[in-house]
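Read through the structure below, which is laid out as structure tokens, and then see the notes.
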Amino acid sequence: MSETPATKPKFNRKSPLLAKLKRAELLTGGCDEKATWHFDIDLLGSGLEYTPGDSLAVLPQNDPALVEELLSALGFSGEEAVPNPAKEEVPLRQALVESYVITTPDKKLLAAIAERSTGGAEWAPLLEAEKKADLAGFLWGREVIDLLLAHPEAKFEPAEFVGLLKKLNVRLYSIASSQAAKPDEVHLTVAVVEYESLGRKRQGVCSSWLAERIDDTTDIPCFVTPGKGFRLPEPDEETPVIMCGPGTGIAPFRAFLQERKAAGAKGPAWLFFGEIHEDTCYFYREEWDGYLADGTLDKVTTAWSRDQGEKVYVQHKIVEEGAEFWAWLERGAIFYVCGDAERMAPDVDRALHQIIAEHGGMGAEDAAAYVEQMKADKRYRRDVY
Ligand SMILES: Cc1cc2nc3c(=O)[nH]c(=O)nc-3n(C[C@H](O)[C@H](O)[C@H](O)COP(=O)(O)OP(=O)(O)OC[C@H]3O[C@@H](n4cnc5c(N)ncnc54)[C@H](O)[C@@H]3O)c2cc1C
Ligand SMILES: NC(=O)c1ccc[n+]([C@@H]2O[C@H](COP(=O)([O-])OP(=O)(O)OC[C@H]3O[C@@H](n4cnc5c(N)ncnc54)[C@H](OP(=O)(O)O)[C@@H]3O)[C@@H](O)[C@H]2O)c1
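So, in structure tokens, the structure goes:
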């Protein structure tokens, strides 16, 4: 099992590849509850290399409409010269679109608005170090624009304002392709973060930039970040693999399966996928059907959370299929989990303990020890976010 990239990456944070979009496809067509996109990014002639299990770091741009709102709230034209994080002078509008975090406020900005506000800002008492959790609670669903609109009396010089903002940073996306199958492309599966708060529609910076504001002429600054140990066994090993990737968690397993097909991997493979509706959100269905037909995949198990009255999630299916799952584990299977860290991964972990206890005839302590041994043997690998 190769854990490290063969060569030092050619592109990095300071010197990213400027790639172009080749194809975009909405994977959730007909579903009005979420938007998840598939992207093919062109690598032709770039020399960018990756391994299934790696992620692509993407540096996005902010929404220009939000930038205009900020400029108007601040009373700026946008033409004012300000330093960008590289200390070059650029127009304020450009700096706000390209270089600074204009959604989540930094503590420096919160303090500066509070100092300049006439009646005192409601968040001022939360700036104490010990009030960190309360501040996070207050800021959940609040952005820089909300703070400025709440305190129009707080005035700034343009350069001073950008000095109170953090540098815009990359977002990571699990790579959804294998260069064994797609040598000149890198594929991503991206869910658009969208929610409403304080009466405004909000969008995640990078997911909405990729889904709504780029085309095939836009430079996409990107580089590869290696997947720490999220690697396939060697193709000639008989080791079974069980992959659990609900939602966008499916991405690395598409890469794994492309790689396994290209390499003629020997061991059996089982995929668990979950989404909200089977008819509109069954990402890459034809590909899985093809892999089932040609033997790249042995089994696909799905969980559709909103197709019936009660929620059905991947962990329920793992428990339902517990006897077979346990048999695969006893044959030395590696269990991979990718996707939501907060809710899904802990629930899947509980299901894993449950089936080991039930089908292995163990008490809770022995089941926990079995899981620990799986981790020590690198047979339980998670890439969750
Ligand atoms: C290793 C790794 C792999 C990843 N792979 C993928 C992948 O394959 N596909 C994928 O889509 N994502 C993936 N992600 C997540 C991805 O990196 C981004 O975090 C995600 O796309 C959101 O980024 P954004 O810029 O669109 O949103 P941001 O601008 O970063 O906004 C997200 C923030 O919005 C706020 N927020 C979100 N929902 C709400 C709400 N309901 N109420 C109030 N505030 C809210 C929260 O503060 C949240 O942190 C991965 C992350 C990691 C670390
Ligand atoms: N901050 C959060 O609370 C939170 C939660 C989830 C996702 N996210 C983020 O939202 C983005 C998109 O997520 P995504 O589209 O990849 O998928 P997702 O929101 O995780 O949804 C994929 C599937 O998983 C189901 N699901 C929800 N809770 C689950 C649980 N406890 N166990 C197993 N499955 C569960 C969902 O069902 P239902 O939606 O019908 O319940 C849906 O069918 C990601 O960036 C992710 O990090 C954030």
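FYI, in the working numbering the residues of the sequence shown are 26 to 410. Using N, Cα and C, we set each Cβ at its ideal position, and we do this for glycine too.
When DSSP builds the beta bridges, which residues end up paired with residue i?
i, result
"Tyr-220", "Arg-227"
"Phe-248", "Ala-82"
"Leu-51", "Trp-62"
"Thr-214", "His-63"
"Tyr-2", "For the chain, the structure presents residues 26 to 410; residue 2 sits outside this window and is missing."
"Ala-44", "Ile-245"
"Gly-299", "Ala-328"
Go ahead and label residue i buried or exposed: buried means 16 or more other beta carbons lie within 10 angstroms of its beta carbon, across all protein chains shown.
i, result
"Asp-319", "exposed"
"Glu-284", "buried"
"Trp-148", "buried"
"Trp-165", "exposed"
"Pro-89", "exposed"
"Ser-232", "buried"
"Gly-292", "buried"
"Ser-80", "buried"
"Thr-129", "exposed"
"Ala-1", "Residue 1 falls outside the range modelled here, since the chain spans only 26 to 410, and no answer is possible."
"Val-261", "The sequence shown places Asp at residue 261, not Val. That one is exposed."
"Gly-364", "buried"
"Glu-303", "exposed"
"Ser-102", "exposed"
"Lys-226", "exposed"
From the DSSP output, in three-state form, read off residue i for me.
i, result
"His-378", "helix"
"Val-362", "strand"
"Val-325", "strand"
"Gly-292", "coil"
"Asp-159", "helix"
"Tyr-307", "coil"
"Phe-281", "helix"
"Glu-355", "helix"
"Phe-36", "coil"
"Glu-346", "coil"
"Pro-260", "coil"
"Ser-27", "Residue confidence for Ser-27 is low, a pLDDT of 47 falling below 50, so the modelled location carries little weight and cannot support an answer."
"Gly-412", "With the chain covering only 26 through 410, there is no way to say anything about residue 412."
"Leu-73", "coil"
"Gly-254", "coil"
"Pro-130", "coil"
From what residue to what residue does the beta strand (DSSP E) around residue i run?
i, result
"Ile-66", "61-67"
"Ile-267", "266-269"
"Glu-153", "Premise fails: Glu-153 is in no beta strand (DSSP E) and is neither H nor E."
"Arg-406", "405-409"
Please list the terminal residues of the continuous alpha helix (DSSP H) segment that includes residue i.
i, result
"Tyr-395", "389-401"
"Ala-146", "First-last for Ala-146: undefined, no H or E at that position."
"Ala-236", "Neither: Ala-236 is in no alpha helix (DSSP H) and is coded neither H nor E."
"Val-337", "Looking at the DSSP string, Val-337 is not in any alpha helix (DSSP H), and its letter there is neither H nor E."
Taking only runs that begin and end inside the segment 91-122, name each unbroken beta strand (DSSP E) of 3 or more residues, in chain order.
-> Scanning the segment 91-122 from its first residue to its last, the whole beta strand (DSSP E) runs of 3-plus residues come out as 106-108 and 114-116.
Whole runs of the alpha helix (DSSP H) within the segment 175-207, excluding any shorter than 4 residues | 183-187
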